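> In the working numbering, the protein residues as written are 14 to 152.
Cβ coordinates follow ideal geometry from the N, Cα and C atoms, glycine included.
These figures come from a predicted structure and were not determined experimentally.
Following this message is one structure expressed as structure tokens.
Put into structure tokens, the structure is as follows:
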């Protein structure tokens with residue numbers, strides 16, 4: 014249950030940003046906090062990133078529905094690659110940001126990374142516990 018809820022939270026957050034990016038790239042650029050601090054605007058780039066985010070979102074939603082260990086791990090590893098590199102870029106490029114913007118972006122993106130790591134850990138530990146339980150001799 015915890016894994017499903019966590020996956021749905023990650024997918025929901027990514028859905029909001031990705032739908033906005035893909036379908037309304039100019040509005041995303043103009044109104045999403047801090048995005049316009051990294052000019053210039055490029056509709057192709059913003060909508061492509063939105064499309065990639067939608068693909069990632071689909072995989073995370075699918076993992077939440079089926080809850081098969083390998084699918085969940087694949088979705089979380091993919092999400093971590095994206096979220097980790099996104100976080101790393103932003104925390105090393107705060108030059109145009111106010112302190113509040115930097116804290117908001119760093120914290121928001123950091124929470125996504127931490128949640129994905131925790132969910133991956135739960136998935137691995139749960140599998141380890143299941144393996145241990147099935148390998149115990151029966152009396």
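#1: Got a sec, what are the start and stop residues for the alpha helix (DSSP H) residue 38 sits in?
#2: Ends of the alpha helix (DSSP H) at residue 57?
#3: Are at least three pairs of beta-carbons, each pair with one atom in the region 74-91 and one in the region 49-58, less than 8 Å apart?
#4: Buried or exposed: residue 41, going by 16 or more other Cβ atoms within 10 Å of its Cβ?
#5: Can you tell me the Cα-Cα spacing of residue 76 and residue 20, whole angstroms?
#6: Is there contact between the region 23-33 and the region 56-68, where contact requires at least three CB pairs shorter than 8 Å?
#7: Thinking C-beta only, is residue 16 closer than 8 Å to residue 132?
#8: Excluding sequence positions up to five away, which residues of its chain have a Cβ less than 7 Å from the Cβ of residue 49?
#9: Report all residues from its chain with a CB closer than 8 Å to the CB of residue 128; omit the five preceding and five following residues, and keep chain order.
#10: Between the alpha carbons of residue 118 and residue 98, how many angstroms are there, rounded?
#11: Between which two residues does the alpha helix (DSSP H) harbouring residue 103 extend?
In short, the structure shows the following:
#1: One-based indexing of the chain shown puts residue 38 at position 25. From DSSP, the alpha helix (DSSP H) with residue 38 extends over 38-44.
#2: By 1-based counting over the chain shown, the position of residue 57 is 44. Element bounds for residue 57: 56-79.
#3: No, because fewer than three Cβ pairs between the region 74-91 and the region 49-58 fall closer than 8 Å, the two stretches do not touch.
#4: Here the question's residue 41 lines up with position 28 in the chain shown. Buried, since its Cβ has 16 or more Cβ neighbours within 10 Å.
#5: In the chain shown, residue 76 corresponds to position 63, counting from 1. In the chain shown, residue 20 corresponds to position 7, counting from 1. The straight-line gap from Cα to Cα measures roughly 7 Å.
#6: Enough Cβ pairs lie closer than 8 Å, so yes.
#7: On the chain shown, position 119 is the one that residue 132 refers to. On the chain shown, position 3 is the one that residue 16 refers to. Yes, the Cβ-Cβ distance between residue 132 and residue 16 is below 8 Å.
#8: Locating residue 49 in the chain shown gives position 36, counting from the first residue. The residues are 42 and 43.
#9: Mapped onto the chain shown, residue 128 falls at position 115. Correct list, in chain order: 19, 22 and 23.
#10: Taking the first residue of the chain shown as position 1, residue 118 is located at position 105. Taking the first residue of the chain shown as position 1, residue 98 is located at position 85. Spanning the two alpha carbons is a distance of roughly 14 Å.
#11: The residue you call residue 103 lines up with position 90 of the chain shown. Element bounds for residue 103: 82-104.
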